[in-house]
Amino acid sequence: MNIYEQQEENKKNTVILLVIFVCFFLFLGLGFDFFILGWNVNQTQLKSTYDPVTATYSAKVVEQHFVPFGTIIALIVGCIASFSGYRNGKRLVLASTGAYPANPEDPQEKIFINIVEEIAIAAGLPKPVAYIVPDPDPNAFATGVDQDDSVIAVTRGLLDVMNREELAGVVAHEMSHIRNYDVRLMTTLTALVGAVNLISGLVTGGGNGRGYYRNRRRGNMPAVGLAGMPGGLGSRFGGAGSASGRGGAAGMPPYVMAILFVIWIIMIILAPMLSTILTMSVSRQREYLADATAAELTRNPKGLISALEKIYSATGPTTSIGKGIAHLCIIDPRGSYMEERSGAASDLMATHPPMQKRILALKAMAYQHPGA
Amino acid sequence: MIVSLIVIVVIGIWLMSMYNGLITLRNNVANALRQIDVQLKRRHDLIPNLVSAVKGEMKFEQETLEKVVQARAAAMSVKPGNMKDLAAKEGELTAALGRLMMLKESYPSLKANEEVNKLMEELTHTENQIGFSRQFYNDICTKFNTKQQVFPTNIFASMLGFKPEELWELPAGSPERENVKVDLSF
C-alpha cells in the first residue's frame, strides 16, 4: 500500500475502534443506569394526587422521564479528569523529562532545529518548539494539543547516532503526531477510559478502582487517573431484582434481561482491561499512521527505516520519559520490547506495533515490498 | 412537512461547509505559492552574506598563516653561520607563530573549518526549505483540486467560481532535470 492508502486504512481503523469504544461505554453506562439505578425508558404511571379544594383523591396519568444520570455523571467526571491533562499536559510532560530548549549555538542541536523548521514547512504547520532530553538512549516524542502550541523533543542519544536523513524521518514521525491531532485524541480517550473505570469501580466496590489508582501514582501522564470510589454500590444489586420485574414494562421477557445482566456484569469486571486494550489498539493504529504520514512528508521512507533500525538496536530503556507518554514516543521508552514478544498479551497491550511490521509497512511505501 | 424542512436544512449546512472548505483550501494554495518566494528571497539575502563572512574568517586566518609561512621561509633562507641574522629571522618566526597561537586561543570557535561546516549546513537547510515549500504547494494544490472534482462537490464548484490550480513544475526541457556533474578535481 502506498503512503496515501496506508493513511486512509489507519484512519478508518481508528474510527472503527472509537465506535467500538463509545458503544462499549454506552453499554456499561446505560446498563449501570438500568440495572443499578433502576432507570427505565419513559414510562407512564398512574399517580394519585390529592386536591385540597374538593378534598378528593384522583388518579392521574403521569409521564415520568428518567434521565440516565449514571452515564452522564460518569462522562462529566471523565471529562473533568482529562481536562487537567488537556491544559497542563505539555508543561507537565516537559518538566518530568527534564527537557530543555535546543541551543542554536551547538552545531548538532542547530541541525535539529533546522530540520524541525523544514518538516514544519513540508507539513504546512506552524513551527513547533524544539526541545532536547538529556538521556543517552535514543528516543523522541511530541506533545501539545494545539497545532500552534506544540513541542518536539529528542534525546541527546538520538542526536548522537542519527545522520541528517534519519533525523528528518524521526522529526517527520513526531510532526505527524501533531498534524493528526494524536495528542488530542489520546487525551480524549482517557476521558472515556476514566468514565468507564468510574462506573466499573462503583459497581465492583472499588477493587478495580484501587488498582487504577495505583497506576496513577506511578506517574501516568497526561492521562490523569481516577481513584475508584471505595465501598461501591454493591448493595444496589437489590435494584436489579426490581429491574427484572420492570423488565416487563420495557417490553422484554425476564430471561433476556437476566442474560443481559450477566453479560453486563462480566463486562464491568473486565472493563479496566478492555478499555486499556482498546486504547492501546488505537495507539498502535496512530503509530502506523504517523509512520505513513512521515513518509509522505519527507517522501523518503528509507530514512525512517534506517532510523528505526538504529533506535531499536540501541537497547536500554529511556529512563527520563515516563510511561504516561509512551504512546507519543517513537518507540516504547520502557525498553521492555513488549511489542516484540509474540503472544496475545503483547499483541493487545503494547503501545507500539512490532518493529518488523513497521519496517515492512514502510518498505511497501517505498515499493520495496509487495502488498503489506 | 417537518421531514422536508430537516432535509433542506441538512443540505444547506452541507453546501455551506463545502463552500467554506473550498475557500479555505484556495487561500491555503495562494499562501503556499507565496511561501516559495519567501524561501527564495531568504536564500538570496542570506547566502552571499554568509559566504563573505566565511571568506573573511578564512582570510583573517590565511593572512596570519601566510606571515608564519613567510617568516619560516625567511628563517630557512638564512645562510648557515650567520647567527645574528638567523636569530633575527627566528625571532620574527616566533612572533608570527605567537600571533597564530593567540588567534587560536582568543577565538577557539572561529576556526575556518567550523565556519565552513556551518555554511554547508546552512546551504543544505536553505535548499531543503525551498524544496519542501514547493512540495507543500503541490500537496495542497492536489488536495484543493481533488476536493473540487469529487462528486457531489464538482456540480457546484465551477458555479461558485472555483477552478483547478496548476501545480509547480519545471518547464519542459529544463536543464534542471539533468544529472548534476560533480567535479572535485583541481
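One line per chain: the protein sequences are A and B, in this order. According to our numbering, the residues represented by the first sequence are 1 to 372, in order. According to our numbering, the residues represented by the second sequence are 1001 to 1186, in order. We treat Cβ as the ideally placed atom computed from N, Cα and C, and that holds for glycine.
Next item on the list: List the DSSP bridge partners of A:Asp33.
Entry: Partner(s): none; A:Asp33 has no beta bridge.
Notebook entry, point to check: If B:His1125 sits next to A:Asn114, beta carbons under 8 angstroms apart, how far is it from one beta carbon to the other, in whole angstroms?
Noted result: 4 angstroms
Notebook entry, point to check: How would you list, in chain order, the residues of chain A whose beta-carbon sits under 9 angstroms from the beta-carbon of B:Ile1140?
Noted result: Gly124
Check: Can you name the residues of chain A whose CB is closer than 7 angstroms to the CB of B:Ser1133?
Finding: Ile121
Margin query: Measuring only the C-alpha atoms, how far is A:Leu348 from A:Cys329?
Written below: 18 angstroms
Item checked: Per-residue DSSP class, three states only, for B:Phe1156 -> helix
Note to self: I need the straight-line Cα distance from A:Ala227 to A:Leu270, nearest angstrom please.
What the structure shows: Low per-residue confidence applies at A:Ala227: pLDDT is 27, beneath 50, and the placement is therefore not dependable enough to give any value.
Next item on the list: Closer than 7 angstroms by C-beta to A:His352: which residues in its own chain qualify, once you throw out the five before and the five after it? Chain order, please.
Entry: Arg284, Glu287, Ile331, Asp332, Glu339
Item checked: A:Phe141: first and last residue of the uninterrupted alpha helix (DSSP H) it sits in -> No alpha helix (DSSP H) holds A:Phe141; the beta strand (DSSP E) holding it covers 140 to 143.
Item checked: Contact set between A:Glu387 and chain B, taken where Cβ atoms lie within less than 8 angstroms -> The structure shown has nothing for residue 387 of chain A, since chain A only spans 1 to 372.
Notebook entry, point to check: When we look at the beta-carbon of A:Cys23 and count the other beta-carbons within 10 Å, is it buried (16 or more) or exposed?
Noted result: exposed
Margin query: Run through chain A and tell me which residues come within less than 9 angstroms of B:Asn1117, C-beta to C-beta.
Written below: Pro107
Check: Of all the CB atoms in chain B, is at least one closer than 9 angstroms to the CB of A:Ile3?
Finding: no
Next item on the list: In the DSSP assignment, find the unbroken alpha helix (DSSP H) run with A:Thr204 in it and report its ends.
Entry: That residue, A:Thr204, is in no alpha helix (DSSP H); it is neither H nor E in DSSP.
Check: If you drop the 5 nearest sequence neighbours on each side, which residues of the same chain put their C-beta closer than 8 angstroms to that of B:Asp1085?
Finding: Val1078, Lys1079
Note to self: Quick check on the burial criterion: 16 or more other C-beta atoms within 10 angstroms. Buried or exposed for B:Val1009?
What the structure shows: exposed
Notebook entry, point to check: Does the separation of the CB atoms of A:Ala290 and A:Glu174 fall below 9 angstroms?
Noted result: yes
Notebook entry, point to check: Taking Cβ positions only, does A:Asn375 come closer than 9 angstroms to chain B?
Noted result: The structure shown does not extend to residue 375 of chain A, since chain A spans only 1 to 372, so no value can be given for it.
Check: Under a CB-based cut-off of 9 angstroms, is B:Asn1145 close to chain A?
Finding: no
Notebook entry, point to check: Secondary structure at A:Tyr367, three-state DSSP: helix, strand or coil?
Noted result: coil
Notebook entry, point to check: Do you know how far the Cα of B:Phe1060 is from the Cα of B:Ala1095?
Noted result: 17 angstroms
Next item on the list: Could you pull the start and end residues of the beta strand (DSSP E) that A:Ala130 belongs to?
Entry: 129 to 133
Margin query: How far does the beta strand (DSSP E) with A:Thr351 in it extend, from its first residue to its last?
Written below: Looking at the DSSP string, A:Thr351 is not in any beta strand (DSSP E), and its letter there is neither H nor E.
Margin query: Checking the sheet assignment: what are the DSSP bridge partners for A:Val154?
Written below: A:Ile132, A:Ala140
Note to self: Which residue marks the beginning of the alpha helix (DSSP H) containing A:Gly175, and which one marks its end?
What the structure shows: Note that residue 175 of chain A is Met in the sequence shown here, rather than Gly. It spans 164 to 179 - the alpha helix (DSSP H) in which A:Met175 sits, taken as one unbroken run.
Notebook entry, point to check: Which residues, in chain order, does the region 1149 to 1175 of chain B contribute to contact with chain A at a C-beta distance below 8 angstroms?
Noted result: none
Item checked: Three-way DSSP call (helix, strand, coil) for B:Val1038 in this model -> helix
Check: Is A:Thr54 helix, strand or coil when you go by DSSP?
Finding: coil
Checklist line | Residue environment, A:Asp106, which counts as buried when at least 16 other CB atoms sit within 10 Å | finding: exposed
Item checked: Residue of B:Gly1131, B:Glu1122, B:Glu1121, B:Leu1119 minimising C-alpha distance to A:Ala123 -> B:Gly1131
Item checked: Under 8 angstroms by beta carbon: chain A residues contacting B:Glu1121 -> Pro107, Lys110, Ile111, Asn114
Margin query: For a test of the three-state rule: what should DSSP assign to B:Thr1126, helix, strand or coil?
Written below: helix
Item checked: Cβ-based burial, A:Asn163 [other Cβ within 10 Å; buried from 16] -> exposed
Notebook entry, point to check: Hey, quick one: how far does the alpha helix (DSSP H) through A:Asp291 stretch, first residue to last?
Noted result: 254 to 298
Check: Is the Cβ of A:Arg184 closer than 9 angstroms to any Cβ of chain B?
Finding: no
Note to self: According to DSSP, simplified to helix, strand and coil, what is A:Pro101?
What the structure shows: strand
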